[in-house]
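Peer 1: Below is the structure I would like to discuss, written out as structure tokens.
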Amino acid sequence: MVNRVTLTGHLGADPDVKDLSAGVVANCRLASTDYCKDRTTGNMKEATEWHRLVLFGRHAEIARDFW
Numbered sequence: 003m004v005n006r007v008t009l010t011g012h013l014g015a016d017p018d019v020k021d022l023s024a025g026v027v028a029n030c031r032l033a034s035t036d037y038c039k040d041r042t043t044g045n046m047k048e049a050t051e052w053h054r055l056v057l058f059g060r061h062a063e064i065a066r067d068f069w
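Numbering of the sequence shown is given in our numbering, commencing with residue 3 and proceeding in unit increments.
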């Protein structure tokens, strides 16, 4: 079984990239925002959720090279 998630958002800061003996690891935070209408008032509400990401191997190298 494979679980897959696609997150779209904005990085909170530059990734923290570390070169370890086992390979490259990058840590970063991603903010995704959801907009919905409040049922009682009819006003648009905004909810931001922060995600902690850990990238390994080639993905971490891409984060190091392009951010």
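Heads up, the beta-carbon is just placed ideally off N, CA and C, and yes, glycines get one too.
Note that the structure is a prediction, hence the values are computed from the model and not measured.
If you draw a straight line from the alpha carbon of THR63 to that of VAL26, how long is it in whole angstroms?
Peer 2: The sequence given here places Glu at residue 63; Thr does not occur at that position. Roughly 7 Å between the two C-alpha positions.
Peer 1: Which residues share a DSSP beta bridge with VAL27?
Peer 2: DSSP, once it has assigned bridges, lists LYS20 and PHE58 as partnering VAL27.
Peer 1: Determine the closest residue to GLU51 out of THR10, THR35 and PHE68, with distance taken between C-alpha atoms.
Peer 2: The candidate whose alpha carbon is nearest that of GLU51 is THR35.
Peer 1: If contact is defined by three or more beta carbon pairs under 8 Å, each pair taking one atom from either stretch, is the stretch 10 to 28 in contact with the stretch 38 to 57?
Peer 2: The stretch 38 to 57, when compared against the stretch 10 to 28, does touch it at the 8 Å Cβ threshold.
Peer 1: Comparing alpha-carbon positions, which option in TRP69, LYS39 and GLY14 lies nearest ARG31?
Peer 2: The candidate whose alpha carbon is nearest that of ARG31 is GLY14.
Peer 1: List the residues that DSSP assigns as beta-bridge partners of GLU94.
Peer 2: Coverage of the chain is limited to positions 3 through 69, which leaves residue 94 absent and any answer about it impossible.
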